[in-house]
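K.L.:
So the sequence lines, in the order shown, correspond to chains A and B. Those letters in the first sequence? Residues 12 to 671, per my numbering, in order. Those letters in the second sequence? Residues -10 to 163, per my numbering, in order. Every residue, glycine too, gets a C-beta built ideally from N, C-alpha and C. Here the structure is a predicted model, which is why all the values come from computation and not from measurement.
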Amino acid sequence: MIVEVGHYALVLALAIALMQTILPFWGARARDARLMAVARPTALTQFAFVALSYAALTYAHVASDFSLANVVENSNSNMPLVYRISGVWGNHEGSMMLWVLILTLSGAAMAVFSRSIPPRLLADALSMQGLLGAAFLLFILLTSNPFARLSPAPLEGADLNPILQDPGLAIHPPLLYLGYVGFSIVFSLAAAALIGGRIDAAFARFIRPWTLAAWCFLTLGIAMGSYWAYYTLGWGGFWFWDPVENASLLPWLAGTALLHSAAVMEKRDALKIWTIFLAILTFSLSLLGTFLVRSGVLTSVHAFASDPQRGLFILAILVLFIGGSLFLFMLRAPTLSKGGLFAPVSREGALVLNNLLLTASCAAVFVGTLYPLALEAWNGDKISVGAPFFNLTFGPLFAPLLLIMPIGQMLAWKRADLLGAVQRLFFAAACGFIAMAVFFAVQGAPSLAYIGAGVAVYLIIGSFVEVYGRIFPSGLFKSKNAFVRGKGLPLSAWGSAFAHAGLGVTLLGLAATGWGAEKVVAMKAGEAYDVGPYRLEVMGTTSDIGPNYKEAVAHMTIRRGGEVVALLEPSKRFFSTRRMSTSQAGIVTLNFGQIYVSIADQNDNGTIDARLYWKPLVSLIWLGALVMAFGGGLSLSDRRLRVGVARRAAKLPSNAQIAS
Amino acid sequence: MKARLFAFLALFMLAVSLFVAPAFAVQPDEILPDAKLEQRARKISADLRCLVCQNQSIDDSDASLAKDLRILVREHLKAGESDSAIREFLVARYGNFILLKPPFAWDTWLLWLTPFALLTLGALAIWKSSRAKSAEAAEAAPAPLSKEESEELNALLAASPGVNTAVVPADSDR
Chain A
12 MIVEVGHYAL VLALAIALMQ TILPFWGARA RDARLMAVAR PTALTQFAFV ALSYAALTYA
72 HVASDFSLAN VVENSNSNMP LVYRISGVWG NHEGSMMLWV LILTLSGAAM AVFSRSIPPR
132 LLADALSMQG LLGAAFLLFI LLTSNPFARL SPAPLEGADL NPILQDPGLA IHPPLLYLGY
192 VGFSIVFSLA AAALIGGRID AAFARFIRPW TLAAWCFLTL GIAMGSYWAY YTLGWGGFWF
252 WDPVENASLL PWLAGTALLH SAAVMEKRDA LKIWTIFLAI LTFSLSLLGT FLVRSGVLTS
312 VHAFASDPQR GLFILAILVL FIGGSLFLFM LRAPTLSKGG LFAPVSREGA LVLNNLLLTA
372 SCAAVFVGTL YPLALEAWNG DKISVGAPFF NLTFGPLFAP LLLIMPIGQM LAWKRADLLG
432 AVQRLFFAAA CGFIAMAVFF AVQGAPSLAY IGAGVAVYLI IGSFVEVYGR IFPSGLFKSK
492 NAFVRGKGLP LSAWGSAFAH AGLGVTLLGL AATGWGAEKV VAMKAGEAYD VGPYRLEVMG
552 TTSDIGPNYK EAVAHMTIRR GGEVVALLEP SKRFFSTRRM STSQAGIVTL NFGQIYVSIA
612 DQNDNGTIDA RLYWKPLVSL IWLGALVMAF GGGLSLSDRR LRVGVARRAA KLPSNAQIAS
Chain B
-10 MKARLFAFLA LFMLAVSLFV APAFAVQPDE ILPDAKLEQR ARKISADLRC LVCQNQSIDD
50 SDASLAKDLR ILVREHLKAG ESDSAIREFL VARYGNFILL KPPFAWDTWL LWLTPFALLT
110 LGALAIWKSS RAKSAEAAEA APAPLSKEES EELNALLAAS PGVNTAVVPA DSDR
């Protein structure tokens, strides 16, 4: 019964989505305030119904209702509760449900928090959000129904894929989806602005908080996914340039450019075309990612052709929204007034360069991901595009950004003094060079490692030079009221400093991978192995029984200079339902570096094949992402982003008095 | 149902779940005694695709095919072949699909050059539009004050002494 309610709620949500699409849009054309006012309640109701439907599906999973095909295929009554809940989105149908849940959540959030947005713009934007919702609800109902029943119902389910039975599944997809589906708000607002034809600095003010929020979530989501892969895969890789990963990196790159571009548009009324284009592009790339992952086109062009229903449906959605928005963009772009003027050397100029480099690196990832598919579809040739390609294309396009980021921060709006900016960065650059020399002396080759680490130090320090200059305008000791100045500094200034420094922290972690040590051994109890500065001793193995698996655990001690610094317990799990095993790497973090051990099954002679790693500073890769997201959060809490209404009201005191 | 298996969640999982029973790639018994040769083997392997995997190199994959290929590479190395000869041998056998770095050929130059072409075109477009904009601005800029006008202005300024202290009300930002 609950399942039927969930299914029915989904159908109702579709009906409401259609109402939300048509009525406010019509109202905006007819200038009928009552019709436009339909947008808010429908957005909220649509979200409520999708949430109800989602809750019903979760209930079926938690209660192990094996009359549902989706539950049978992806759950098992022995599974721990947390994986029964997160397992809801660990499959195609459920993950589309999560997608739509977050899409409607975004619409509802826009309806609740965007009281400052002019009613016509909001009506059009929510109407666009409704159309997105309708398209994806239709997709679920027609091609991916999670509520399909099975008769007769089996007694037990097939279990969730063991690799997904991990806390990573509970955290990573929701964060990621909040990120790239969150950009739908920005997309809808951009489309609405293009329809309405009024595109000014205020528009940038409306989209900035949403862009920032989505960007923070996407940053965290990608980092979480990367760390998950790192500890699950058993050899410590954290980024594979896999098409599925690229699908999340593309909107991140475009979204990062959008964030910066919108700031210019808000402050200087410039880069309007860029901002609108990037707003469309970012969510279009999210949609593209959904298509790539959901249609099966990635596994092979032929798999797509043999079961084309889902793929074609998403492709149609893709063409409708991307094509439609780009068409609107083409119509309106020429009419956009040229905004504020600026010299090539200026904050605006630096941000144009930033947009250009980010877009070009985005293009590198884009062609690298899609070209093999296109080529195979075109003449049947199969090629592979892997890490070496991206290192040679994405690398040189992205690397300049690392150097110019601190410089850009130092430049003034409109017209700036490049030499002065570079001079003020002297300290940061000097620190970078010193760090490079120290790393070279201590760690040595490879050159990419110490050069990268030096650049990272420059970037981290350079990111704070601007803030420092504003707090201590006449030097560290001569400046008065430094504390008051620091407090008075807008949070967004701190935010950008932290976000930029976060990238530096990540870069430092990436660079340090070059100094890692690796050992592949057939491990024996009682033996000890030197890895990097540490000595790993194997104490012995034990076996354990989990809720739905058996595991063999190796116990190891880690010593440095004779002293025990940590214990390590890598294990190998065997899941009987799916007859699959996973390896749980033993990981311990020491001074931001990690010792990482993964083991295979026991050999006949009693040894265990194992990979032992020392990865110096590796945790900085993900800590850097946390710092980036923290910076984004700081900017988001800047009051200037929140008080758009109050500001305008204050400028119109007579109106405000009348209203009160 | 196979499609459902494919339709995995988010990042990596697709690659991970289907082909990679996680654990490991290079196994202890594969390692060559000669450290230099082994290092070369690792370097070659890192750029070769495990043909049945999703974007994984044979160095990272523990699929049995990857193991066979790793051993094959090491056998050829032991026979004294050069890195490029081994690569050519493998391409002849498996096609370009095995190279994680696609060759620069007539049907891949679009792949290699698009990002850089885009950067160049974008830079050109921006340069042109900024020149057009500044030319426009130079035309539209008001002519400088004539001598009479500036004299008149100075006279007006002199006549109203308070003008410099009249501060525009502070912005209601705070």
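So who's on the other strand from Gly105 of chain A, going by DSSP bridges?
P.N.:
Gly105 of chain A is not bridged to any residue.
K.L.:
Taking 7 Å as the cut-off, is the CB of Leu368 of chain A close to at least one heavy atom of the ligand HEM?
P.N.:
Of ligands this structure carries none, so the ligand HEM is not represented either.
K.L.:
Say whether chain B places a C-beta atom closer than 8 Å to the C-beta of Pro417 of chain A.
P.N.:
It does not; no Cβ of chain B falls within 8 Å.
K.L.:
Per the DSSP calculation, Tyr11 of chain A is bridged to which residue(s)?
P.N.:
Here chain A comprises residues numbered 12 to 671, so residue 11 of chain A is not present and cannot be evaluated.
K.L.:
Kindly indicate if chain A contains any beta-carbon less than 8 Å away from that of Gly69 of chain B.
P.N.:
No Cβ of chain A is located within less than 8 Å of the beta carbon of Gly69 of chain B.
K.L.:
Could you tell me the boundaries of the beta strand (DSSP E) in which Thr552 of chain A lies?
P.N.:
In this chain, the beta strand (DSSP E) harbouring Thr552 of chain A covers 545 to 556.
K.L.:
May I have a chain-ordered list of the beta strand (DSSP E) segments no shorter than 3 residues that lie completely inside the region 599 to 629 of chain A?
P.N.:
Segments of the beta strand (DSSP E) lying fully in the region 599 to 629 of chain A: 604 to 613, 619 to 626.
K.L.:
For the region 105 to 121 of chain B, enumerate the residues whose C-beta is nearer than 7 Å to any C-beta of chain A, in chain order.
P.N.:
Leu107, Leu108, Gly111, Ala112, Ile115, Ser119
K.L.:
In terms of residue numbering, what span does the alpha helix (DSSP H) encompassing Val82 of chain A cover?
P.N.:
80 to 85
K.L.:
By the criterion of Cβ-Cβ separation under 9 Å, what are the contact partners of Thr370 of chain A in chain B?
P.N.:
Leu107, Leu108, Gly111
K.L.:
Which partner residues does Gln595 of chain A have in the DSSP bridge list?
P.N.:
A:Ser582
K.L.:
Taking only three categories from DSSP, how would you classify Lys425 of chain A?
P.N.:
coil
K.L.:
For chain B, is any of its Cβ atoms less than 8 Å away from the one on Ala374 of chain A?
P.N.:
yes
K.L.:
Can the beta-carbon of Phe340 of chain A be found closer than 8 Å to that of Phe288 of chain A?
P.N.:
yes
K.L.:
Counting only beta-carbon separations shorter than 8 Å, does Thr404 of chain A have a partner in chain B?
P.N.:
yes
K.L.:
Between Arg29 of chain B and chain A, is the shortest Cβ-Cβ distance under 8 Å, so that the two count as touching?
P.N.:
no
K.L.:
How would you call Pro411 of chain A, buried or exposed, if buried means at least 16 neighbouring beta carbons within 10 angstroms?
P.N.:
exposed
K.L.:
How many Å lie between Pro157 of chain A and Leu175 of chain A at the Cα?
P.N.:
19 Å
K.L.:
Can you check whether the CB of Leu37 of chain B is closer than 8 Å to the CB of Leu66 of chain B?
P.N.:
For Leu66 of chain B and Leu37 of chain B, no; Cβs fall outside 8 Å.
K.L.:
Is it buried or exposed, Met12 of chain A, if we count other Cβ atoms within 10 angstroms and call 16 or more buried?
P.N.:
exposed
K.L.:
So Phe401 of chain A and Gln45 of chain B are in contact, right, with Cβ under 8 Å, and what is the actual spacing, rounded?
P.N.:
Phe401 of chain A to Gln45 of chain B, Cβ: 14 Å. No contact.
K.L.:
To the nearest angstrom, how far is it from the Cα of Leu108 of chain B to the Cα of Leu292 of chain A?
P.N.:
17 Å
K.L.:
Using the three-state DSSP reduction, which class does Ile47 of chain B fall into: helix, strand or coil?
P.N.:
In the displayed model, Ile47 of chain B falls within coil according to three-state DSSP, outside both helix and strand.
K.L.:
Have a look at A:Ala596, A:Phe58, A:Phe586, A:Ala398 and flag the residue whose alpha-carbon is nearest the alpha-carbon of Met90 of chain A.
P.N.:
A:Phe586
K.L.:
What are the partner residues of Tyr540 of chain A, as DSSP defines its beta bridges?
P.N.:
A:Leu547
K.L.:
Identify the residues that DSSP records as bridge partners of Ile569 of chain A: which are they?
P.N.:
A:Leu547, A:Ala577
K.L.:
Who are the Cβ neighbours of Ile206 of chain A in its own chain at under 7 Å, not counting the five residues just before and after it?
P.N.:
Asp135, Leu339
K.L.:
Please classify Lys626 of chain A: is it buried, with 16 or more other beta-carbons within 10 angstroms of its beta-carbon, or exposed?
P.N.:
buried
K.L.:
Which residues in chain A have a C-beta closer than 9 Å to the C-beta of Arg38 of chain B? List them in chain order.
P.N.:
Ser395, Gly397
K.L.:
Cβ of Val531 of chain A less than 8 Å from any chain B Cβ?
P.N.:
It does: the Cβ of Val531 of chain A has a partner Cβ on chain B nearer than 8 Å.
K.L.:
Can you list the residues of chain A that Lys90 of chain B reaches, using a CB-CB cut of under 9 Å?
P.N.:
Ser395, Val396, Gly397, Ala398, Pro399, Phe400, Asn402, Leu403
K.L.:
Near Ser395 of chain A, which residues of its chain fall below 8 Å by C-beta distance, leaving aside the five closest residues on each side in sequence?
P.N.:
Pro383
K.L.:
Contact between the region 200 to 216 of chain A and the region 273 to 289 of chain A: three or more CB pairs below 8 Å?
P.N.:
In this structure the region 200 to 216 of chain A touches the region 273 to 289 of chain A; the number of beta carbon pairs closer than 8 Å is three or more.
K.L.:
Please list, in chain order, all residues of the same chain as Ile418 of chain A whose beta carbon is under 6 Å from its beta carbon, the five residues on each side excluded.
P.N.:
Ala432
K.L.:
Do the region 623 to 639 of chain A and the region 533 to 544 of chain A make contact, defined as three or more Cβ pairs closer than 8 Å?
P.N.:
yes
K.L.:
Excluding the 5 residues preceding and the 5 following Gly506 of chain A in the sequence, name in chain order all residues of the same chain whose CB lies nearer than 6 Å to its CB.
P.N.:
Gly642, Leu645, Ser646
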